[in-house]
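These notes are about the structure you will find just below.
There are 4 protein chains.
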Amino acid sequence: MAVSNYRQRLRDIDNTGFGPNSSVEGGRLINSDGSTNLHKRGIPIWERISLYHTLLRMKRSHFLLCIFLFYTSINLFFAVLYFLTGVEHLMGADGAKSFVDKFMEAFFFSSQTLTTVGYGRVSPLGMMTNSIASIESLVGILSFAVVTGLIYGRFSRPRAYLLFSPNIIVAPFKDGKALMFRLATYKNNHLTDVEANLTLALHEQENGKTVTKFYPLKLQLSKINSLALSWTVVHEINEESPLFHYKMEDVAATKMEVIVNIKAFDDHFSNIVQQRTSYTYHQVIYGAKFLPMFERAPGGDYTVLELNKINAHEMVQM
Amino acid sequence: MAVSNYRQRLRDIDNTGFGPNSSVEGGRLINSDGSTNLHKRGIPIWERISLYHTLLRMKRSHFLLCIFLFYTSINLFFAVLYFLTGVEHLMGADGAKSFVDKFMEAFFFSSQTLTTVGYGRVSPLGMMTNSIASIESLVGILSFAVVTGLIYGRFSRPRAYLLFSPNIIVAPFKDGKALMFRLATYKNNHLTDVEANLTLALHEQENGKTVTKFYPLKLQLSKINSLALSWTVVHEINEESPLFHYKMEDVAATKMEVIVNIKAFDDHFSNIVQQRTSYTYHQVIYGAKFLPMFERAPGGDYTVLELNKINAHEMVQM
Amino acid sequence: MAVSNYRQRLRDIDNTGFGPNSSVEGGRLINSDGSTNLHKRGIPIWERISLYHTLLRMKRSHFLLCIFLFYTSINLFFAVLYFLTGVEHLMGADGAKSFVDKFMEAFFFSSQTLTTVGYGRVSPLGMMTNSIASIESLVGILSFAVVTGLIYGRFSRPRAYLLFSPNIIVAPFKDGKALMFRLATYKNNHLTDVEANLTLALHEQENGKTVTKFYPLKLQLSKINSLALSWTVVHEINEESPLFHYKMEDVAATKMEVIVNIKAFDDHFSNIVQQRTSYTYHQVIYGAKFLPMFERAPGGDYTVLELNKINAHEMVQM
Amino acid sequence: MAVSNYRQRLRDIDNTGFGPNSSVEGGRLINSDGSTNLHKRGIPIWERISLYHTLLRMKRSHFLLCIFLFYTSINLFFAVLYFLTGVEHLMGADGAKSFVDKFMEAFFFSSQTLTTVGYGRVSPLGMMTNSIASIESLVGILSFAVVTGLIYGRFSRPRAYLLFSPNIIVAPFKDGKALMFRLATYKNNHLTDVEANLTLALHEQENGKTVTKFYPLKLQLSKINSLALSWTVVHEINEESPLFHYKMEDVAATKMEVIVNIKAFDDHFSNIVQQRTSYTYHQVIYGAKFLPMFERAPGGDYTVLELNKINAHEMVQM
């Protein structure tokens with residue numbers, strides 16, 4: 000399909016009041032970490048948030064803190080129950096006389112029940128205390144079932160582990176120029192069937208109003224078989240490109256944003272992985288070219304990929 | 000393939016007595032929550048029902064209730080065994096004299112064994128009681144393995160979290176009109192490669208008999224790259240549409256049903272997600288158009304999607 | 000691609016000594032439960048068998064038996080260790096004097112350690128016994144981790160739950176005849192994007208030798224959008240069909256086998272599911288047509304699918 | 000697309016300084032076990048390594064060793080804490096007088112807490128020791144949650160279980176010759192929709208410099224429906240082949256490497272599986288043909304696949 004036809008079609012659709020690429024009117028569409036710059040409203044937060052996924056994507060330190068706080072809260076909750084029921088129903092804890100000692104016995108008995116360690120120095124007596132202990136050990140097992148699931152979910156969550164060059168450059172290309180950025184995997188993973196999908200968002204003037212227009216960017220190569228080293232994604236700025244008629248100095252006015260979506264099959268996870276990022280006009284470098292980021296090892300037996308050179312470039316005459 | 004050919008092909012197939020889209024003769028085909036309005040018979044229920052999936056799709060409160068009942072039943076079952084074997088074989092429980100006290104000791108010992116908390120105030124003596132306790136702790140571990148799996152299965156089950164507009168509207172479109180409904184994700188998830196597939200079911204008269212005919216509905220755009228905000232799915236009612244020759248007042252007689260299937264790739268789960276719904280003729284609004292449901296945030300830095308406006312529309316002249 | 004070209008290509012490939020569809024020379028290729036009728040040799044059995052998948056596909060009763068035997072064996076193994084180390088290092092078990100009593104104490108202590116129930120009536124003393132107990136509780140936890148994984152793997156294993164008609168029939172179709180069988184899902188699952196793939200295996204005479212030839216069978220409809228009710232898969236026996244020149248009475252001599260592979264997307268598992276079966280010439284019924292297997296419910300509100308009628312057919316004149 | 004066009008395109012892309020197939024300059028690109036012969040540098044090792052996947056792909060014996068060492072370390076760490084806090088806070092351990100005895104009591108109490116077996120002969124007293132024990136049992140449960148996840152991840156990791164012939168041969172084919180290797184699954188798994196993808200890497204002279212060029216190798220058949228027995232993958236060396244103009248004696252100079260990627264759908268895992276390997280010029284046998292590796296069982300009821308004959312070939316006149 001010719002790009003001109005495609006633009007025509009996009010315009011037709013825009014006329015109907017909805018954009019196929021979900022047009023926005025706020026600031027940046029996609030943050031550079033790939034999350035959407037979007038707030039949802041109108042339904043309660045507990046319906047809008049997926050607790051599971053929030054816990055899955057949380058930083059490790061925060062996740063561990065959450066678990067620790069959860070553990071302590073449940074512990075405390077049952078400790079209060081035992082305390083209120085009466086520490087005299089905890090056999091072995093009858094030596095505790097002061098409030099603090101009594102509560103401490105209740106708290107640690109609670110902890111030993113929740114984790115099912117159950118040493119037995121302190122053990123429940125009577126219907127009430129026994130019932131609470133019975134429920135607490137069930138709660139313990141269920142909670143740790145949840146935690147087991149979360150931990151497995153966290154480390155088995157398919158991720159692409161892609162490193163993108165912080166800048167997107169305009170480099171000489173054939174007889175003209177091209178927009179380029181570079182990516183590589185930074186873990187010991189291997190991607191196959193890697194697809195890149197670029198969408199350009201431009202703020203344009205139309206009938207005196209600023210509207211956001213979306214254009215697909217045609218790539219020199221939009222799919223590669225295998226990504227072992229690095230891949231430089233290239234959009235040639237030729238007559239078919241929506242950027243062809245813009246001068247570098249006008250780009251800032253359009254609040255240009257290049258939305259990048261990379262999709263691939265990953266061996267690690269035997270699953271499709273996907274990573275998004277976005278470049279705004281602040282990140283464009285005009286007149287540069289990337290320097291190689293891999294070389295033959297001194298011994299010559301293997302190749303070295305230098306990840307710190309992902310953005311390595313030198314300025315060139317356009 | 001031209002639509003007329005396609006209809007021809009469908010008709011040919013119908014002549015053979017079976018429909019490619021699984022024709023029905025009962026009421027509504029798909030309920031609005033996406034489940035099928037269908038009963039299966041002829042084989043025993045335990046072969047027809049997938050217990051695992053029933054537990055997976057159950058409401059959270061029902062699921063917790065099931066676990067609690069299961070836990071209590073197993074507990075009780077083993078308590079009865081210990082009781083019948085003789086509470087005198089439970090060391091530490093010999094202080095219990097009454098029936099109730101004895102059973103209580105057996106019950107809570109059972110609970111402490113099932114959860115493997117094993118305080119040890121009460122402990123088994125003799126071959127028989129020891130064997131039962133040994134089996135009970137195995138049963139406990141296996142049961143909680145099942146529960147761990149179910150809990151993980153529940154929260155890792157891929158879901159699209161799509162909100163559909165409760166109504167499907169007939170709106171002015173280009174020089175004619177179109178059938179439209181709107182959808183958005185209501186969680187913090189992001190769908191890519193979103194595909195919509197619509198099937199129309201009509202009760203038509205053929206040789207004096209009422210038969211259900213199925214037509215695929217051609218969409219203005221049947222696939223979008225990314226669903227960050229909302230998507231209005233549009234079927235133009237033009238000459239190629241099976242709805243072209245029906246007047247609004249005749250639609251009720253056809254018991255029109257639009258079956259919607261949305262399939263997408265979800266980042267959260269790194270998996271394909273799917274959601275179905277269906278609109279019947281009761282849900283059609285003739286002569287309306289959807290109002291925008293997103294806007295620039297007051298500060299201008301992000302976009303706000305108002306989920307409570309999913310069905311917002313105003314009446315228009317057709 | 001014309002079928003004649005395809006056959007030509009198949010023949011060319013056969014000349015090279017290997018078949019694209021993995022030709023066989025033994026009896027039936029695929030058993031009706033979908034497993035391959037094939038033995039692998041030449042490497043040791045432990046490299047040929049995937050223990051995990053064997054445990055996953057085993058009948059439930061066998062699986063439970065395996066777990067029970069495994070549990071008892073580990074238990075026994077450690078019991079022997081404790082016994083050999085000396086029951087005098089098990090505090091609380093010193094009352095046991097006879098061989099049987101001593102071993103019983105060792106055995107049940109072992110069981111209480113393996114399941115981590117640890118009542119504490121009996122507890123380990125000394126370096127040796129403590130070390131064994133420490134290792135046993137680790138073994139216990141690891142074993143039950145394996146079992147948890149297996150149980151989850153068992154019930155989350157994607158399956159199509161398809162019921163095939165036991166017979167494949169030759170029915171009148173248009174002006175000629177067609178080969179037909181029927182399938183339906185028997186659980187509360189819903190399949191979409193269902194694809195059928197049929198391969199015909201015929202023993203033919205070639206240069207005086209019997210060779211197995213494989214032909215793809217073209218279907219009237221090889222993909223349906225949704226399988227809510229039943230699907231009758233139809234291969235028309237016309238001039239393009241490899242069966243066109245065979246008479247019914249000759250089919251037995253060819254040891255005809257129709258290998259069926261169904262692939263679909265399942266909502267339950269949000270995964271692709273696949274099921275195979277195969278029909279041999281013994282299962283062919285010549286001159287019959289399938290009877291409907293679903294009907295409107297008496298109340299008219301839903302559709303009833305009668306799974307026991309999956310093979311319901313009546314004989315017809317050809 | 001004609002191969003000549005494709006080569007042209009590849010050359011154009013090479014001119015821009017980046018290869019679509021990630022060109023390398025070191026030795027072999029892919030090791031025969033399918034891993035990449037590549038070192039990544041420039042970012043810290045903990046960011047470059049995925050611990051989860053390293054543990055997933057580790058040999059079973061190493062994995063068990065890791066778990067054992069981890070268990071012992073955590074155990075020891077908490078033992079030191081109890082010891083420093085004072086063994087007098089461990090009730091039941093007060094009989095221990097010597098340093099060794101005291102430490103042993105601390106160590107085994109630690110072990111009983113970590114595994115939550117908690118016999119109770121020794122139990123914690125006082126705020127400090129109780130708190131440590133409470134944290135240790137939490138650490139225990141979390142650790143074993145991680146281990147449960149790893150174990151499940153290990154045995155549910157989709158793998159193709161493909162056995163490749165150790166050699167790649169040049170055999171007579173039609174009027175010319177072809178490059179061939181053979182593969183089969185060695186487990187009781189069944190692959191469908193099997194795709195082979197071959198890339199040839201040649202060191203060529205260009206303007207006096209040695210450069211690595213990559214060519215896709217066209218296959219006689221690049222996809223088969225089902226892999227029950229063996230599959231011989233065939234690249235015909237005809238005019239369109241990049242190997243056509245090379246003589247056997249020149250191949251060594253090019254450091255020829257054939258990179259093989261096999262992708263299939265596996266029933267076992269209901270997932271896509273993938274396996275890579277690579278053949279270098281050392282593994283080429285010129286003038287040979289593969290011998291059959293399957294035969295009818297003596298009884299005639301099933302087929303036998305002899306995996307030890309995967310490389311069976313005889314020399315032939317070219």
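Protein chains in written order, with numbering that gives the first Met the number 0: chain A, 0 to 317; chain B, 0 to 317; chain C, 0 to 317; chain D, 0 to 317. Ideal Cβ placement from N, Cα and C applies to all residues, glycine included. Since the structure is predicted, the reported quantities are computational estimates derived from the model, not experimental observations.
Query                                                                                                                         : Result
Buried versus exposed, by CB contacts within 10 Å (16 or more), A/P165                                                        : exposed
Whole-angstrom distance between B/S225 and A/I261, CA atom to CA atom                                                         : 13 Å
Residues of the stretch 216-227 of chain C with Cβ closer than 8 Å to any Cβ of chain B, in chain order                       : Q219, L220, I223, N224, S225, L226 and A227
Proximal residues, the stretch 35-54 of chain C versus chain D, C-beta separation under 7 Å                                   : T35, N36, L37, H38, K39, R40, G41, I42, E46, R47, I48, S49, Y51 and H52
Per-residue DSSP class, three states only, for C/H38                                                                          : strand
CB contact check: A/E194 to chain D, cutoff 7 Å                                                                               : no
Endpoints, alpha helix (DSSP H) assigned at B/D300                                                                            : From DSSP, B/D300 is part of no alpha helix (DSSP H); its letter is neither H nor E.
Pairwise C-alpha distance: B/A227 and C/Y273                                                                                  : It should be pointed out that residue 273 of chain C corresponds to Gln in this sequence rather than to Tyr. The straight-line gap from Cα to Cα measures roughly 33 Å.
One or two residues paired with B/W230 in a DSSP bridge                                                                       : B/L182
Local Cβ density within 10 Å of A/T53, reported as buried at 16 or more and exposed below that                                : exposed
Neighbour flag for C/G119 against chain A, beta carbons, 7 Å                                                                  : yes
Partner residues on chain B for C/I150, Cβ-Cβ distance less than 9 Å                                                          : L141, A144, V145, T147 and G148
Touching by the beta-carbon criterion (3+ pairs, under 8 Å), the stretch 124-136 of chain D and the stretch 96-114 of chain A : yes
Cutoff 7 Å; reference A/M314; Cβ partners in own chain excluding five residues on either side                                 : G286 and A287
Cα-Cα separation between A/N187 and D/I48, rounded to whole angstroms                                                         : 6 Å
Whole beta strand (DSSP E) elements within the stretch 59-128 of chain B, 3-residue minimum                                   : none
Same chain only: Cβ atoms within 8 Å of A/V233, ignoring 5 sequence neighbours per side                                       : F172, A177, L178, M179, L218, Q219 and L220
Spatial neighbours of B/S22 in its chain, beta-carbon cut-off 7 Å, leaving aside the 5 residues before and after              : Confidence at B/S22 is low in this model, with a pLDDT of 43, below 50, so its placement is unreliable and no value can be given for it.
B/H189, buried or exposed, once every other Cβ within 10 Å from all chains shown has been counted against 16                  : buried
Nearest to B/R56 (by Cα), restricted to the options B/V250, B/P123, B/R158 and B/N196                                         : B/R158
Residues bridged to A/Y151 (per DSSP)                                                                                         : None, per the DSSP bridge assignment.
Nearest-angstrom beta carbon gap, C/L306 and B/G41 [assumed within contact, 8 Å]                                              : 4 Å
Buried or exposed by the 16-neighbour rule on C-beta atoms within 10 Å, applied to A/T253                                     : buried
Extent of the continuous beta strand (DSSP E) to which B/E203 belongs                                                         : L190 to E205
Beta-carbon neighbours of B/T276, restricted to chain C and to distances below 8 Å                                            : What B/T276 touches in chain C: nothing, since even the nearest Cβ is about 13 Å away.
In DSSP terms, what B/E294 is bridged to                                                                                      : B/V303
Alpha carbon of D/H244 to alpha carbon of D/Y280, nearest angstrom                                                            : 16 Å
Simplified DSSP assignment, three categories, for D/T289                                                                      : The sequence given here has Phe at residue 289 of chain D, not Thr. D/F289 falls in the strand class under three-state DSSP.
Bridge-paired residues (DSSP) for A/Y278                                                                                      : A/V257
At least three beta-carbon pairs within less than 8 Å, the stretch 94-107 of chain D to the stretch 67-78 of chain D          : yes
Nearest neighbour of C/N129, chosen from D/R295, D/V121, D/A183 and D/K246 [CA to CA]                                         : D/V121
7 Å Cβ cutoff, C/Q273 in contact with chain D                                                                                 : yes
Straight-line Cα distance separating A/V257 from D/T209                                                                       : 37 Å
Per-residue burial, A/F318 [other beta carbons within 10 Å of its own, 16 or more giving buried]                              : It is not possible to answer for residue 318 of chain A, since the shown part of chain A is limited to 0 through 317.
Contact set between C/V303 and chain B, taken where Cβ atoms lie within less than 7 Å                                         : H38 and R40
Anticipated Cβ contact below 8 Å, D/R275 with D/I29, distance rounded                                                         : 6 Å
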